[in-house]
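Protein chains: 2
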Amino acid sequence: MTLSINDHTLITMAHGAGGRAMRCLIEEVFINVFGGEQLLRMEDQARLDMAQLSSLGDRLAYTTDSYVIDPLEFPGGNIGSLAVNGTVNDLAVGGARPLYLSCAFIIEEGIEVGLLRRIVEGMRDAALRAGVTVVTGDTKVVPRGKGDKVFINTSGIGVIEHGVNLHATQCQPGDKIIVSGSLGDHGATILQARGDLALEADLQSDCQPLHGLVQLMLAECPDIRAMRDATRGGIAAVLHEFATASGFAMRLHEEMLPVKPEVRGVCEILGLDALHFANEGRLVAVVPAKHAEALLRSMRQHPAGQDANIIGEVLDKAVARVQVATALGGERLLEMPDGELLPRIC
Amino acid sequence: MTLSINDHTLITMAHGAGGRAMRCLIEEVFINVFGGEQLLRMEDQARLDMAQLSSLGDRLAYTTDSYVIDPLEFPGGNIGSLAVNGTVNDLAVGGARPLYLSCAFIIEEGIEVGLLRRIVEGMRDAALRAGVTVVTGDTKVVPRGKGDKVFINTSGIGVIEHGVNLHATQCQPGDKIIVSGSLGDHGATILQARGDLALEADLQSDCQPLHGLVQLMLAECPDIRAMRDATRGGIAAVLHEFATASGFAMRLHEEMLPVKPEVRGVCEILGLDALHFANEGRLVAVVPAKHAEALLRSMRQHPAGQDANIIGEVLDKAVARVQVATALGGERLLEMPDGELLPRIC
């Protein structure tokens, strides 16, 4: 068996079996692309200096997500950049400074090494941009037909500075709801990339890191109650979480929702609601009303917050529901998404 | 759509889509079984007290592994207990005290909730036994034929006490190689559970946590050079890693290798070497010769080290290779496994 690898090499079961072929794959693809000294040390674990972590804050934030998106490559990113940004954002919206990631690949037998390399390059570039380091990893291979090309899990570690306390339970009546940018771009892009649509719109995923925007927001307004990145289930799922955790109803104003015309078009064709569409670079924040306008001005100075808008408020109604004030002066309830319509969006 | 779930409910794409059905699955299976307050808080991240972590040591250990074993349930465990013990052991053999785990499921559409529940119960029991807490998680569902029932990723965080420094680079000529128990039990059990064998042997996986044994070993002998749990690729892969990292050859003595007769039988039938078989509750340690006998006596007092044995030594030969002194007085090279023969063993 020859062990040398190039971009046209097809992955075999041997590449996941712990022996020489796997070592070769890891060196040729992961270590070559990441250039990571941590990974090179061949220990099964990363070791991180506790004093350095402690100097940055008083709590460690820890999160995990698996990515099973279809297709693997799309306008604005690939599963690799998504896996980095998704986990970076989970840390960031909890108020943590993202620092270290793990990455674990489940690869289907038969894919080309070139695809894997592009994905790993997407991870590397996203990690550089977000200022995080991939410090530990794992590779498994499953037989043809027992997976779907590539699944990635990233877990992440960050540090929360003393005094930062974001919790969905803290939302209060009168608070304003702010979104950091246009809604549904990622979801609409993935649907189009699958070829499910009869139109050719100029769409691009919003996949990007949000830690910089979050740091700026916390500096401007330390009293922010809660933040979430609006991924699976869209901002509808986030607002239902906020409503359930706080016990107060949330109201959105339809005309304040930033939805691009192209995304609106996709929604109309499919009869879907952009508020249920996944985003991968958008956050929703609940903030005290008196700080909302100043915070919004700051957010718009940041590249990831240019299209930020105040979209609603927390109501003085002790029911866990989300309602939308329509442009025509009516009210409708925004349901928690069942989610059957948008599988494998992340 | 009815959202209530029982053990005969089949998983659908909606259970992974971020909406009500997913919330229902998480509550009914994960939160019911784990009973975790951390998971109940509905934050996407766990927050861990840094002062408490710092009080336990000066470095954080961090690791990840995905588990794709086939079959999911086997004598001695299931993919859930495996996913906990595997990550606990990766932390432990680096000298860390395992503390927190993340768990992320990729579920294939169509499996029964009852199977998922048994797996999660396996995780819970293993976590209790290992003294670790699952603090954050994720659930994805992929369509039928795009996965294989259940894949699990666990990442883990532990703390390394000041003064503990295990590194494969530290192996020195004359050092003894110790293994904590019989070799190949897990690999042979999985092959039999697949129905690949023509025999019915009384086999059981060695799947178990090793952190207690490791703590006892470090207390007895703080000068241990390096440890590894011998999973994919078996002790052959571990010893090749030690040889490559240290630059010294390793020699085993065939008659000292603890291999059960049933496992030896499986190896003979298949023409495989038990030294290439995966273990999920066995470690290999390299220790200074002068401490080896005392350490071995201590290990044998521990339930996870009853069958521990000194199996070889580091040679004063600056070549990265592993050799076996046979019972008949000969020598053979132990190859790094290609690994094609034992896929999906963990």
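Heads up: the protein sequence lines correspond to chains D and Y, in order. Residue numbers for the first sequence, in the UniProt record's numbering: 1 to 346. Residue numbers for the second sequence, in the UniProt record's numbering: 1 to 346. Glycine is no exception: its CB is placed at the ideal position from the N, C-alpha and C atoms.
Expressed to the nearest angstrom, what Euclidean distance is found between the alpha-carbon atoms of residue i and residue j?
{"i": "M42 of chain D", "j": "N153 of chain D", "result": "Note that M42 of chain D scores 48 on pLDDT, short of 50, meaning its location in the model is unreliable and no value can be drawn from it."}
{"i": "N78 of chain Y", "j": "G86 of chain Y", "result": "12 Å"}
{"i": "T12 of chain D", "j": "K140 of chain D", "result": "11 Å"}
{"i": "R225 of chain D", "j": "D138 of chain D", "result": "37 Å"}
{"i": "T231 of chain Y", "j": "M50 of chain D", "result": "28 Å"}
{"i": "D185 of chain Y", "j": "E200 of chain Y", "result": "14 Å"}
{"i": "L270 of chain Y", "j": "L257 of chain Y", "result": "19 Å"}
{"i": "E220 of chain Y", "j": "A168 of chain Y", "result": "19 Å"}
{"i": "V33 of chain D", "j": "T133 of chain D", "result": "13 Å"}
{"i": "K317 of chain D", "j": "P173 of chain D", "result": "8 Å"}
{"i": "P337 of chain Y", "j": "A243 of chain Y", "result": "14 Å"}
{"i": "A198 of chain Y", "j": "L272 of chain D", "result": "55 Å"}
{"i": "residue 370 of chain Y", "j": "E268 of chain D", "result": "Examination of residue 370 of chain Y is not possible in this model, given that chain Y is present from 1 through 346 alone."}
{"i": "K260 of chain D", "j": "A14 of chain D", "result": "47 Å"}
{"i": "A274 of chain Y", "j": "V266 of chain Y", "result": "9 Å"}
{"i": "V68 of chain Y", "j": "Q323 of chain Y", "result": "31 Å"}
{"i": "D7 of chain D", "j": "P143 of chain Y", "result": "28 Å"}
{"i": "S298 of chain Y", "j": "V238 of chain Y", "result": "23 Å"}
{"i": "A46 of chain Y", "j": "V135 of chain Y", "result": "6 Å"}
{"i": "Q204 of chain D", "j": "F74 of chain D", "result": "8 Å"}
{"i": "E331 of chain Y", "j": "G163 of chain Y", "result": "38 Å"}
{"i": "C103 of chain D", "j": "F151 of chain D", "result": "10 Å"}
{"i": "G95 of chain D", "j": "Q215 of chain D", "result": "8 Å"}
{"i": "M1 of chain D", "j": "R344 of chain Y", "result": "Unreliable placement is indicated for M1 of chain D, whose pLDDT of 49 sits below 50; no coordinate value is reported for it."}
{"i": "R59 of chain Y", "j": "V284 of chain Y", "result": "23 Å"}
{"i": "V113 of chain D", "j": "G281 of chain Y", "result": "33 Å"}
{"i": "K290 of chain D", "j": "G122 of chain Y", "result": "50 Å"}
{"i": "E255 of chain D", "j": "V120 of chain D", "result": "40 Å"}
{"i": "L295 of chain D", "j": "L218 of chain D", "result": "9 Å"}
{"i": "D65 of chain D", "j": "L183 of chain D", "result": "21 Å"}
{"i": "L210 of chain Y", "j": "I31 of chain D", "result": "29 Å"}
{"i": "G233 of chain Y", "j": "C24 of chain D", "result": "14 Å"}
{"i": "A130 of chain D", "j": "R124 of chain D", "result": "10 Å"}
{"i": "K176 of chain Y", "j": "A292 of chain Y", "result": "7 Å"}
So what does residue i bridge to, in DSSP terms?
{"i": "H253 of chain D", "result": "D:A325"}
{"i": "N32 of chain Y", "result": "For N32 of chain Y, which the question treats as bridged, DSSP gives no partner whatsoever."}
{"i": "D49 of chain Y", "result": "D:R59"}
{"i": "L10 of chain Y", "result": "Y:E112"}
{"i": "I310 of chain D", "result": "D:I178"}
Tell me the residue span of the alpha helix (DSSP H) that contains residue i.
{"i": "G265 of chain Y", "result": "P261 to L270"}
{"i": "E241 of chain Y", "result": "G234 to S246"}
Would you mind giving the Cβ-Cβ distance between residue i and residue j, rounded to the nearest angstrom? I have them listed as a contact below 8 Å.
{"i": "A278 of chain Y", "j": "G181 of chain Y", "result": "Incorrect: roughly 14 Å between the Cβ atoms, too far for contact."}
{"i": "L53 of chain Y", "j": "V159 of chain Y", "result": "6 Å"}
{"i": "residue 348 of chain D", "j": "V319 of chain D", "result": "What the structure shows of chain D is the stretch from 1 to 346, and residue 348 of chain D is not part of that stretch, so it cannot be assessed."}
{"i": "I190 of chain D", "j": "G147 of chain D", "result": "Their Cβ separation, rounded to whole angstroms, is 19 Å, which puts I190 of chain D and G147 of chain D out of contact at 8 Å."}
{"i": "I310 of chain Y", "j": "I178 of chain Y", "result": "5 Å"}
{"i": "H253 of chain Y", "j": "A325 of chain Y", "result": "5 Å"}
{"i": "L10 of chain Y", "j": "G110 of chain Y", "result": "6 Å"}
{"i": "L82 of chain D", "j": "C171 of chain D", "result": "With a Cβ gap of about 28 Å, L82 of chain D and C171 of chain D do not count as contacting."}
{"i": "D44 of chain Y", "j": "T63 of chain D", "result": "6 Å"}
{"i": "A21 of chain Y", "j": "L3 of chain Y", "result": "6 Å"}
{"i": "R117 of chain Y", "j": "V29 of chain Y", "result": "6 Å"}
{"i": "K149 of chain D", "j": "L72 of chain D", "result": "6 Å"}
{"i": "E262 of chain Y", "j": "D202 of chain Y", "result": "6 Å"}
Hey, quick one: how far does the beta strand (DSSP E) through residue i stretch, first residue to last?
{"i": "A21 of chain Y", "result": "Careful: A21 of chain Y lies outside any beta strand (DSSP E), inside the alpha helix (DSSP H) at R20 to L25."}
{"i": "R332 of chain Y", "result": "E331 to L333"}
{"i": "G16 of chain D", "result": "Where G16 of chain D is concerned, there is no enclosing beta strand (DSSP E), given that its DSSP letter is neither H nor E."}
{"i": "V319 of chain Y", "result": "Here V319 of chain Y belongs to no beta strand (DSSP E), and DSSP marks it neither H nor E."}
Between residue i and the ligand ATP, is there a pair consisting of the residue's CB and a ligand heavy atom that are separated by less than 7 Å?
{"i": "A226 of chain Y", "result": "Inclusion of the ligand ATP in the displayed structure is not the case, the ligand content being empty and no account of it being possible."}
Ranges of the alpha helix (DSSP H) found wholly within the region 149-231 of chain D, counting only runs of at least 4: Complete alpha helix (DSSP H) runs here, min 4: 185-193 and 211-220.
Secondary structure, beta strand (DSSP E): runs of 3+ residues fully inside the UniProt domain "PurM-like N-terminal" (56-160) of chain Y: 59-67, 96-108, 133-142 and 150-160
Inside the region 270-306 of chain D only - beta strand (DSSP E) runs reaching at least 3 residues: 283-287
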